[in-house]
Amino acid sequence: MTSSNFKYQPNVSGFLTLCSRNYLDLIRVLPVQWNVKESVDWPESGKGLRFELAEVSRYTETVLVTPLLPKRKYFTDFVMRVRVYHDAQLAEVLSCQQNSQFKAVYDYPNAAMHQRDEKLQQNIFLAELLRQPMHRTEQGAQGR
2 MTSSNFKYQP
12 NVSGFLTLCS
22 RNYLDLIRVL
32 PVQWNVKESV
42 DWPESGKGLR
52 FELAEVSRYT
62 ETVLVTPLLP
72 KRKYFTDFVM
82 RVRVYHDAQL
92 AEVLSCQQNS
102 QFKAVYDYPN
112 AAMHQRDEKL
122 QQNIFLAELL
132 RQPMHRTEQG
142 AQGR
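Under the working numbering, think of the first position of the sequence shown as 2, with each following residue one higher.
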């Protein structure tokens, strides 16, 4: 079978596990009580991530995740919109930059140049963003 004949099958169990890990990482740093438009930087040193509460409903929150990067003319403002499902204990990327409402599977090639597993890749990227400040914090604690 050639790669062009390969039909990508999403691993739903793996995707839900990733979203569950992202949820656990997020709730460790987000305030228990906060208001819409309120933001928190993590770690507080200012070289990590900024979380802003965009929407709240009974069982969900929508959080904007922004890396705290130095301003450069070639950097665009990066924002990732994440839905936090408290009832299911999952966190899922809704949009990243100007891209939103990712399909589970894309045909490849496609006009938007999305990967076959773009939705999964965006959520893996969120996991990596969430782990960077944690990794630096753990390294700093070990170095003392």
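We treat Cβ as the ideally placed atom computed from N, Cα and C, and that holds for glycine.
Length of the line joining the Cα atoms of phenylalanine 126 and leucine 65
14 angstroms
Could you check how far apart the C-beta atoms of leucine 70 and aspartate 42 are, in whole angstroms? I think they sit under 8 angstroms. So it is not a contact: roughly 13 angstroms between Cβ atoms.
task: Locate the beta strand (DSSP E) running through aspartate 26, then write down its first and last residues.
output: Here aspartate 26 belongs to no beta strand (DSSP E); instead the alpha helix (DSSP H) covers 13-30.
*Identified DSSP bridge partners for tyrosine 86*: Thr61, Leu91
- request: Tell whether a beta-carbon distance below 7 angstroms holds between leucine 27 and alanine 92.
  value: yes
Residue range of the beta strand (DSSP E) that includes tryptophan 43:
40-43
- Message: Among the candidates Glu39, Glu129, Pro110, whose CA atom is the shortest distance from the CA of phenylalanine 52?
- Response: Glu39
Quiz item: Which value, in whole angstroms, describes the spacing of the CA atoms of lysine 120 and valine 94?
Solution: 8 angstroms
*For serine 21, which residues from the same chain have a beta carbon less than 7 angstroms from its beta carbon, with the 5 sequence-adjacent residues on both sides left out?*
Gln90, Leu91
Note down, in chain order, each residue of its chain lying with its Cβ closer than 7 angstroms to the Cβ of leucine 130, except the 5 sequence neighbours on either side. Leu50, Val66, Pro68
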